[in-house]
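Here the structure is laid out as structure tokens; the discussion comes afterwards.
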Amino acid sequence: MSLNLSEQEIVRREALKKLRDMGIDPYPAEQIERTHYSTEIKKKFEQGEELKDVRLNGRLMAKRIMGKASFAELQDALGRIQLYFNRDDISPGEDKSMYNDVFKKLLDIGDFISVEGFAFRTQMGEISIHVASFKVLSKSIRPLPVVKTDASGNTHDAFADPEQRYRQRYVDLIVNEQARETFMTRTRIVNAMREYFNKDGYMEVETPILQPIPGGAAARPFVTHHNALDIPLYLRIANELYLKRLIVGGYEGVYEFAKDFRNEGMDRTHNPEFTVLEIYVAYKDYFWMMDYTEKMLEHVVRNIYDGSSRVRLGDMDIDFKAPYPRIKLLDAIKAHTGYDLRGMQENEIRNVAESLGIETNPTMGKGKLIDEIFGEKCEAKFIQPTFIVDYPVEMSPLCKKHRNDPTLTERFELYVNGKEVANAYSELNDPIDQRERFEEQLKLSEKGDDEAMFIDQDFLRALEYGMPPTSGMGIGIDRLTMMLTNQSSIQEVLFFPQMKPEKQAQVSDIKDFTNLGVSEAWAEIILQSGWSSPEELLELKPTQLHQKLNGIRKKKKLNIPALQISEVESWFKAE
RNA sequence: GAUCUGAUAGCUCAGUUGGUAGAGCAUCUCCCUUUUAAGGAGAGGGUCCAGGGUUCGAGCCCCUGUCAGAUCACCA
Numbered sequence: 002m003s004l005n006l007s008e009q010e011i012v013r014r015e016a017l018k019k020l021r022d023m024g025i026d027p028y029p030a031e032q033i034e035r036t037h038y039s040t041e042i043k044k045k046f047e048q049g050e051e052l053k054d055v056r057l058n059g060r061l062m063a064k065r066i067m068g069k070a071s072f073a074e075l076q077d078a079l080g081r082i083q084l085y086f087n088r089d090d091i092s093p094g095e096d097k098s099m100y101n102d103v104f105k106k107l108l109d110i111g112d113f114i115s116v117e118g119f120a121f122r123t124q125m126g127e128i129s130i131h132v133a134s135f136k137v138l139s140k141s142i143r144p145l146p147v148v149k150t151d152a153s154g155n156t157h158d159a160f161a162d163p164e165q166r167y168r169q170r171y172v173d174l175i176v177n178e179q180a181r182e183t184f185m186t187r188t189r190i191v192n193a194m195r196e197y198f199n200k201d202g203y204m205e206v207e208t209p210i211l212q213p214i215p216g217g218a219a220a221r222p223f224v225t226h227h228n229a230l231d232i233p234l235y236l237r238i239a240n241e242l243y244l245k246r247l248i249v250g251g252y253e254g255v256y257e258f259a260k261d262f263r264n265e266g267m268d269r270t271h272n273p274e275f276t277v278l279e280i281y282v283a284y285k286d287y288f289w290m291m292d293y294t295e296k297m298l299e300h301v302v303r304n305i306y307d308g309s310s311r312v313r314l315g316d317m318d319i320d321f322k323a324p325y326p327r328i329k330l331l332d333a334i335k336a337h338t339g340y341d342l343r344g345m346q347e348n349e350i351r352n353v354a355e356s357l358g359i360e361t362n363p364t365m366g367k368g369k370l371i372d373e374i375f376g377e378k379c380e381a382k383f384i385q386p387t388f389i390v391d392y393p394v395e396m397s398p399l400c401k402k403h404r405n406d407p408t409l410t411e412r413f414e415l416y417v418n419g420k421e422v423a424n425a426y427s428e429l430n431d432p433i434d435q436r437e438r439f440e441e442q443l444k445l446s447e448k449g450d451d452e453a454m455f456i457d458q459d460f461l462r463a464l465e466y467g468m469p470p471t472s473g474m475g476i477g478i479d480r481l482t483m484m485l486t487n488q489s490s491i492q493e494v495l496f497f498p499q500m501k502p503e504k505q506a507q508v509s510d511i512k513d514f515t516n517l518g519v520s521e522a523w524a525e526i527i528l529q530s531g532w533s534s535p536e537e538l539l540e541l542k543p544t545q546l547h548q549k550l551n552g553i554r555k556k557k558k559l560n561i562p563a564l565q566i567s568e569v570e571s572w573f574k575a576e
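Okay, so the first sequence: first residue is 2 according to the numbering used here, each after it adds one.
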């Protein structure tokens with residue numbers, strides 16, 4: 002049991018043992034019902050309700066001891082409340098150990114307790130619980146960061162290191178109220194959307210995450226292997242083609258909150274897995290979908306901001322009140338660059354791009370060039386929600402051609418705060434056209450575009466049976482959440498963002514060394530001196546190791562016999 | 001993938017030309033019956049990210065690596 006515990010961890014383990022010695026189970030089994038949450042107590046007391054015999058459960062987050070009386074703070078799922086402990090109330094008889102020992106010495110910040118008592122207001126005016134009795138529910142043996150907030154709202158000793166916050170999200174959630182709130186908002190966003198779709202009778206569905214052909218988007222997939230079938234399978238990059246198959250099957254409105262996976266770089270706006278909402282509705286076009294999207298978003302925002310349609314984002318004030326302006330893509334480019342791309346050939350557009358200082362390469366087709374120009378020169382300009390409509394046909398292989406212009410498609414993207422939030426089409430349902438578009442993609446792929454789409458023969462077969470006119474729309478939930486919670490990195494809105502693996506904690510213990518024939522005393526020294534495994538130890542030559550260990554003995558003036566070289570050599574033979 | 005910045009006590013951070021590792025909070029001991037970043041007195045606590053190098057001497061200078069953050073590039 003050489004776990005290299007810190008002093009504080011040792012103290013807490015000792016407290017654990019003392020509780021058991023006193024007959025108190027630090028991890029009791031039976032359920033304990035609370036009568037109120039912390040915030041309910043405060044609210045009801047404020048309204049003049051008399052609150053006797055209440056019971057609260059939660060985590061102890063602060064202790065302020067003043068001799069025979071103490072204050073503490075209890076945190077539950079909804080908030081915090083102050084507790085007042087008085088020695089002679091907790092321990093009315095001669096035996097004062099419940100207060101003097103259990104509360105004062107054996108309870109630590111982080112422990113879960115249940116308290117019974119009544120609500121009152123202190124001289125300082127804070128609504129508190131006067132504790133009559135308490136019970137340990139679960140002992141915490143690892144110290145939490147202690148984050149304090151003063152009267153003027155300044156945070157002291159904030160637990161703010163992003164690495165630790167993301168790797169140990171549980172700690173972040175315990176001590177940083179703001180992190181808890183961000184994730185609650187995320188859930189409310191999803192709930193509000195789901196509620197909106199359900200009210201219209203659209204059906205929530207689930208489609209395959211493991212796909213034989215990763216279709217529906219342009220991206221590099223993760224590959225895995227199915228043993229029984231002995232085939233490669235891909236983690237989905239999109240669910241679009243499956244949802245359209247369901248429209249073919251006769252459902253008239255389907256949606257899915259889907260985890261998608263893309264094997265690409267990671268940064269503050271990209272995580273390898275991310276969540277997308279996609280919805281497909283039959284007998285609709287993209288005009289209808291624009292109306293629907295803006296109303297839905299207004300509903301979501303009003304839902305999470307107490308009826309307001311406005312969101313504060315950095316120093317921007319964004320208003321999600323429908324309707325949003327609709328601007329044609331080529332008009333947007335014309336307005337922000339002065340160039341009218343209408344009717345231009347690929348090489349002319351390439352020249353425009355280069356004169357705007359955009360790097361191009363031969364694999365870029367017409368669509369990608371236009372996309373680059375827009376992304377580089379226009380995107381950032383659309384702060385208030387704006388629909389950009391009518392994209393060139395080359396950029397949108399799954400989208401129906403524009404009813405008035407065959408070089409364009411019926412597609413829109415919604416931009417907010419200079420970033421893409423939603424993407425939608427009048428879905429392509431002409432199977433012959435779809436096959437040709439896929440073949441175009443194949444040519445792009447042969448040209449070297451590693452993101453061009455694969456041909457999904459089964460999807461084409463489905464379209465050949467006939468798909469009603471349909472409009473589909475997708476929203477990146479993580480990015481929408483960032484926007485609506487004023488966060489600038491995706492890691493802040495994912496509970497467990499992908500991180501590089503942590504260095505493996507030391508797993509060896511004394512036994513691993515004594516198994517080699519090392520004496521217990523020496524095994525302990527070896528562990529303390531930084532060797533974390535027998536393998537590591539035996540990387541050295543026996544003579545080197547012999548000298549090194551005796552060197553440590555001398556340096557630390559250890560009162561154990563010096564090692565003999567024969568002894569060290571025997572360890573190597575044991576291996 | 002590139003560049004820059006960072007890693008020191010459980011947490012937040014100082015650390016002078018390179019000369020015995022510091023503070024606040026937390027922890028431990030003592031005082032304190034309505035405090036609230038409670039207060040007062042005292043104590044303990046360190047693989048200075050890892051591995052090399054320079055040096056009489058390295059937390060500090062040099063090299064390599066690990067992890068994180070920021071800015072790019074790619075992408076949603």
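The C-beta atom is built at its ideal place from N, Cα and C for all residues, glycine as well.
*Is it true that the CB of lysine 140 sits closer than 9 angstroms to the CB of alanine 16?*
yes
*Using three-state DSSP, classify lysine 64 as helix, strand or coil.*
DSSP, reduced to helix, strand and coil, places lysine 64 within a strand of the structure shown.
*Would lysine 245 be called buried (16 or more neighbouring beta carbons within 10 Å of its own) or exposed?*
buried
*asked:* For phenylalanine 573 and glycine 518, I'd like the C-alpha separation in whole angstroms.
replied: 9 angstroms
*The beta strand (DSSP E) with threonine 276 in it runs from where to where?*
274-283
*asked:* Using the three-state DSSP reduction, which class does serine 98 fall into: helix, strand or coil?
replied: helix
_Quick check on DSSP: helix, strand or coil for arginine 56?_
The answer is strand: DSSP assigns arginine 56 an E or B state.
*Return the residue from the list Phe72, Leu485, Thr408 and Ile456 that minimises the CA-CA distance to asparagine 418.*
Leu485
*Would you tell me roughly how many angstroms separate the C-alpha atoms of aspartate 324 and glycine 473, rounded to the nearest one?*
The sequence shown places proline at residue 324, not aspartate. Computed Cα separation, rounded: 19 angstroms.
_Spatially closest choice to alanine 193 from Leu278, Cys400 and Leu107, by CA coordinates_ = Leu278
_Contacting residues, own chain, Cβ-Cβ under 6 angstroms from proline 144 (five flanking each side not counted)_ = Excluding residues within five positions, the ones whose Cβ falls inside 6 angstroms are Gln9.
*Any idea which residues DSSP pairs isoleucine 114 with across the strands?*
In DSSP, isoleucine 114 forms a bridge with Gly59 and Val137.
*Would you mind reading off the limits of the alpha helix (DSSP H) that contains isoleucine 476?*
Element bounds for isoleucine 476: not the alpha helix (DSSP H) but the beta strand (DSSP E), 471-477.
*Grouping DSSP H, G and I as helix and E and B as strand, with all else coil, what is lysine 401?*
coil
_Nearest residue (CA-CA) to asparagine 264, options Lys382, Glu274, Arg88 and Phe104_ = Glu274
*So the alpha helix (DSSP H) leucine 174 belongs to, where does it begin and stop?*
170-176
_Alpha-carbon spacing of valine 148 relative to alanine 73, whole angstroms_ = About 14 angstroms.
_Rounded separation between leucine 153 and leucine 298 - CA only_ = Per the sequence presented here, residue 153 reads as serine, with leucine not at that position. Going by the C-alpha atoms only, they are around 35 angstroms apart.
*Taking only runs of the beta strand (DSSP E) that begin and end inside the region 256-329, which ones reach a length of at least 3 residues, in chain order?*
274-283, 311-314, 317-320 and 327-329
*For isoleucine 142 versus arginine 13, is the C-beta spacing smaller than 9 angstroms?*
yes
_Tell me the DSSP secondary structure of asparagine 192 in three-state form._
helix
*asked:* With H, G and I counted as helix, E and B as strand and the rest as coil, what does DSSP make of glutamine 505?
replied: Model confidence at glutamine 505 stands at a pLDDT of 47, short of 50, so the residue's coordinates are unreliable; what they give is reported in the following sentence. In the structure shown, glutamine 505 sits in coil (DSSP, three-state: anything other than H, G, I, E or B).
*What separation, rounded to the nearest whole angstrom, lies between the Cα atoms of glutamate 34 and alanine 133?*
Between the alpha carbons of glutamate 34 and alanine 133 lies a gap of roughly 17 angstroms.
*Assuming asparagine 228 contacts alanine 259 under a Cβ cut-off of 8 angstroms, what Cβ separation, rounded to an integer in Å, is found between them?*
That belief does not hold up - the Cβ atoms of asparagine 228 and alanine 259 are roughly 25 angstroms apart, past 8 angstroms.
*Other residues of its chain near glutamate 411: CB distance less than 6 angstroms, five sequence neighbours each side excluded*: Tyr287, Lys401, His403 and Ser427
_Among Gly94, Lys43, Leu108 and Met99, nearest to arginine 1 - alpha-carbon criterion_ = Since the first and last residues shown for the chain are 2 and 576, residue 1 lies out of range.
*Is the beta carbon of threonine 270 sitting closer than 9 angstroms to the one on isoleucine 456?*
no
*Beta-carbon proximity check, glutamate 414 vs arginine 480, cutoff 9 angstroms*: no
*Where lysine 69 falls: helix, strand or coil (DSSP)*: coil
*asked:* Rounding to the nearest angstrom, what Cα-Cα distance links proline 222 and serine 520 in this structure?
replied: Those two C-alpha atoms are separated by around 53 angstroms.
*Name the residue from Ser129, Phe104, Ile91 and Ala70 whose alpha carbon lies nearest to the alpha carbon of lysine 45.*
Ser129
*alanine 423 in three-state terms, based on DSSP*: strand
_My parser needs the beta strand (DSSP E) runs of 3 or more residues fully inside the region 182-227; what are they?_
224-227
_Identity of the residue in Ile91, Pro386, Asp54 and Asn58 nearest serine 71 by Cα_ = Among Ile91, Pro386, Asp54 and Asn58, the Cα nearest to that of serine 71 is on Ile91.
*Going by DSSP, which residues form a beta bridge with proline 29?*
Answer is none; proline 29 lacks a bridge partner.
_For aspartate 318, which residues in the same chain have their Cβ closer than 7 angstroms to its Cβ, ignoring the five residues on either side in sequence?_
Arg311
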